[in-house]
Ligand code: C2O
Ligand code: CU
C-alpha cells in the first residue's frame, strides 16, 4: 500500500521529459541558426566558418532522434498526451533532418574547395523554420483533433513557403533581421493592447452562469434561518504585512457540533480589497459558500456578512478568504474548522494548520499520558504538498478531506502526503515513549509526563497511497457504474490572454479563466469526471460544495477503502477519474488549490441547470475570487 509516490514514478519523470524536449528544441534552433549565419559567408575566405557550420549542423542532426524519442515518451501516456505530439511534433522534428543536405557542401568549403552551398543553405533554413514551428507547438498546443488538423495544415503551408523563398544573401539577411525586429515589436504592442482589453470586464459570467429569466438566483440558496445554536464573529484585520482573522495566523480554531445551527458573522475591519469566508470542504448551501463574485460580493472595510449553515459532516475542514485568494490566503486569512460528533471527543484532539506565515516557531511540545487516544488533524493551507512523517508509533489514517475512511489499516514508517487545501486525520494510542511528527513547518513532539527519552528518528519512507489503502468495501460506485454525465478536464499550459494578463498560463480544455469551460449538471445527476494532467506541474483540484469518490487513476481501479475527496492531487502524466452526486444546487467554483495556478488560469464553474447568479466578477465589480 505504500510503493513509492502515488501515481508511480512515471508521473515524476514526465516533467523532466517535457523540459528535456524543450531544451533539445532550443539547442537545435541555436545550432541551425549559427550554421545558417556561418554558411552565409562568401566562399574562399571562410574555411573556419564552414567548419564551424559543419559541426553545428551535424550536432543539431544528432539531437533530432532525442527529440523524437522524447515526443514518443510524452505521447505514450495515452491518447490525450499523444494528441498533437505524435502527428505534428514528430514530423516537425523529422523535417529538421533536411539540414543534412548542407553537409557535403559545408565539408567541401571547410577543406577550401569551391562548393555551391545554395541547396544546403536552403535546407538549413527550412530546418530552422521547422524548429520554430516546434516552439509554437509547445507554446500553443492545439486542443482537439480538428485543431491538430488545422494547425498541421498551417505548418505545412509555412514550411512550403520556406522552401521556395530565395536564398538570403548578406544584405538580405540584414533586411530579414530588421523585418523580424519590426514584426516582434508589432506583435508585442498588439498583444499588450489586446491584453489590456482582455482584463476581466465586470460581467464575466455572461453566457455561462448569468441569471436568466425563470432561473433560480443562487443568492437565494441560503442556509437555515431562525435562531442559531452557535454564534461566532470573526474580524478580518491587518497586522503588519499579514492579514488575519482576529489578529492571528491561523485565525481562531472553530469547533462546532454536527447538526447545530451555526451563524458566523464576518466583519472586515481594514483589509482593502474586501474579504469573504469560504468553508473549504463543508458542503454548505451555495449562498453560504463565500466566493466573491459567485455567491456574494466581497465584504469591504467597515462591512459585515453573516454565514449560516447546519453542518452534518463530522471531520476536519478549514476556512479562508475567497477574494483575491492567491494573495489573501498567503497573507494569513485562514483557519481550522472542526465539526465534532454529537457525543463529543475523547483523548487528545489536535488540529495543525500548516501555513507559511503561522505564528509560533520551534517545535510544539505536549505532555500526553500513555494510553490516551490521539487524533492529529493535518490541514495544508499552503500552495504545495506537505509530506508528514509520524515517528515512534504505528498509526491509522482515519479520515481524508473531512470524510472518515471506512476501514483504514494500521501502518508505520510511511509518510502521508497532504495536498494543498487537503486534510488528513491520523489516529493512534499514545505509547509509553515519545512520538514525533516530522515534515510540517513546526515539528510536533508528544511525551509521556516526565519522560526524557530521546525523540524517535524520522522513519518515514515512501508515501501512503489512498488508492490502495485499507480494506475495500462499501463504495457506492466504481468506474464502470452507469452515469448521467461524463466530463473531461484536460489540464495543460499555453500562451494565452487571461484575466490577469498575457503569458504562459494554466489552461483547462485549452481555455484560460475567465474563458474557462463550464461544467453543467442537473440536480440528482451522477457525474463522472476524468481529469488528465498534460502539464508539467502538480495540480490539487478542488470542487466546492461536493465530495467526490476516486474510482481510478492511471487506468487502475481504486482498490482500498473508499476514498472521498474534495481536493485531489493530479500529477503530471496522470489521468484520474472521480464521481460525485450532484446534490447541492448552485454555481460552484472548481479550481486548482495551488492558488497561484488558479490566478493564472485554472478556474471553472460547475453550474446546475436552472440556476444563475447576478454576482459579477472583474475589475469594475470589485470581486476577484481567484
Ligand atoms: Cu479552499 Cu475555492 O477554495
Ligand atoms: Cu495547479
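Residue numbers (our numbering): 4 to 629.
In this text, a Cβ means the ideal position worked out from N, Cα and C, and glycines have one as well.
Kindly examine the ligand CU and report whether one of its heavy atoms sits closer than 6 Å to the Cβ of residue 605.
It does: the Cβ of residue 605 is within 6 Å (strictly closer) of some heavy atom of the ligand CU.
Can you check which of these residues, 67, 50 and 33, is closest to residue 24 by C-alpha distance?
Per the Cα distances, 67.
Mapping the DSSP letters down to three states, classify residue 193 as helix, strand or coil.
When secondary structure is reduced to three states using DSSP, residue 193 falls in the helix class.
Ends of the beta strand (DSSP E) at residue 297?
First-last for residue 297: undefined, no H or E at that position.
Could you tell me whether the stretch 298–305 touches the stretch 273–288, where touching means 3 or more Cβ pairs closer than 8 Å?
Result yes; three or more Cβ-Cβ pairs closer than 8 Å.
Status (buried if at least 16 other CB within 10 Å, exposed otherwise) for residue 508:
Counting Cβ neighbours within 10 Å, residue 508 comes out buried, since at least 16 surround it.
Sort 483, 191 and 618 by Cα distance to residue 221 and report the nearest one.
Of the candidates 483, 191 and 618, the one whose C-alpha sits nearest the C-alpha of residue 221 is 618.
Go ahead and label residue 22 buried or exposed: buried means 16 or more other beta carbons lie within 10 angstroms of its beta carbon, across all protein chains shown.
By the 10 Å Cβ count, residue 22 comes out exposed.
Give the straight-line distance between the Cα atoms of residue 373 and residue 458, rounded to the nearest whole angstrom.
Inter-residue distance for residue 373 and residue 458 is about 15 Å (C-alpha atoms, whole angstroms).
Smallest Cα separation from residue 95: which of 218, 626, 444 and 28?
Nearest to residue 95 by alpha-carbon distance, out of 218, 626, 444 and 28, is 28.
Look at the Cβ atom of residue 592, then the Cβ atom of residue 531, and state whether they are nearer than 7 Å.
Their beta carbons are not under 7 Å apart, which means residue 592 does not touch residue 531 by this criterion.
When the Cα atoms are used, what is the spatial distance from residue 594 to residue 240?
C-alpha separation (whole angstroms): 26 Å.
Sequence-distant residues of its chain with Cβ nearer than 6 Å to residue 205 (five each side left out):
Confidence in residue 205 is poor, its pLDDT being 47 and thus under 50, which makes the residue's placement unreliable; the coordinate value appears in the next sentence. Sequence-distant partners of residue 205 (beyond 5 residues in either direction) whose C-beta falls short of 6 Å from its own C-beta, in its chain, are 619, 621, 623 and 624.
Distance between residue 288 and residue 229 (C-alpha atoms, nearest Å):
So the alpha carbons of these two residues sit roughly 16 Å apart.
DSSP three-state assignment for residue 310, whether helix, strand or coil:
In the three-state DSSP reduction, residue 310 falls in the strand class (E or B).
With a 10 Å radius around its C-beta and 16 neighbouring C-beta atoms as the bar for buried, classify residue 590 as buried or exposed.
Its Cβ being crowded by 16 or more others within 10 Å, residue 590 is buried.
If residue 335 sits next to residue 257, beta carbons under 8 Å apart, how far is it from one beta carbon to the other, in whole angstroms?
Rounded, the Cβ-Cβ distance is 16 Å, inconsistent with contact.
Rounding to the nearest angstrom, what Cα-Cα distance links residue 498 and residue 74 in this structure?
Approximately 20 Å, taken between the alpha carbons.
Local Cβ density within 10 Å of residue 476, reported as buried at 16 or more and exposed below that
Exposed: under 16 other Cβ atoms inside 10 Å.
Can you tell me which of the three DSSP states residue 355 falls into?
If DSSP states are grouped into helix, strand and coil, residue 355 belongs with the strands.
What is the DSSP secondary structure of residue 26, counted as helix, strand or coil?
In this structure, residue 26 counts as helix in the three-state DSSP scheme.
With distances taken from CA atoms, which of 346, 514 and 569 is nearest residue 494?
Checked all of 346, 514 and 569; the closest Cα to residue 494 is 514.
Would residue 38 and residue 127 be called neighbours here (beta carbons separated by less than 7 Å)?
Yes, they are a contact pair.
For the ligand CU, is there any heavy atom lying closer than 6 Å to the beta carbon of residue 3?
Only positions 4 to 629 of the chain appear in the structure, and residue 3 is not among them; the question remains open.
Distance, Cα to Cα, residue 264 vs residue 286?
One C-alpha to the other measures close to 14 Å.
Tell me which same chain residues have a C-beta within less than 7 Å of the C-beta of residue 113, skipping the five on either side of it?
Counting only residues of its own chain and dropping the five nearest sequence neighbours on each side, residue 113 has a CB closer than 7 Å to the CB of 50, 53, 54 and 57.
What would DSSP say about residue 205, mapped onto helix, strand or coil?
At residue 205, the pLDDT of 47 sits below 50, so the modelled position is not reliable; the number obtained from the coordinates is stated separately. For residue 205, the three-state secondary structure derived from DSSP is coil.
First and last residue of the alpha helix (DSSP H) that includes residue 141?
In the DSSP assignment, residue 141 falls within the alpha helix (DSSP H) that extends over 121–142.
Using a beta-carbon distance below 7 Å, is residue 190 in contact with chain D?
Reference to chain D is not applicable here, since this structure consists of a single protein chain.
Could you give the residue range of the alpha helix (DSSP H) that holds residue 83?
DSSP places residue 83 inside the alpha helix (DSSP H), whose first and last residues are 82–85.
Under 6 Å from any heavy atom of the ligand CU, does the C-beta of residue 547 make it?
Not under cutoff, so the answer is no.
Cα separation between residue 412 and residue 598?
Between the alpha carbons of residue 412 and residue 598 lies a distance of about 33 Å.
For residue 60, which residues in the same chain have their Cβ closer than 6 Å to its Cβ, ignoring the five residues on either side in sequence?
Contacts found: 38, 102 and 105.
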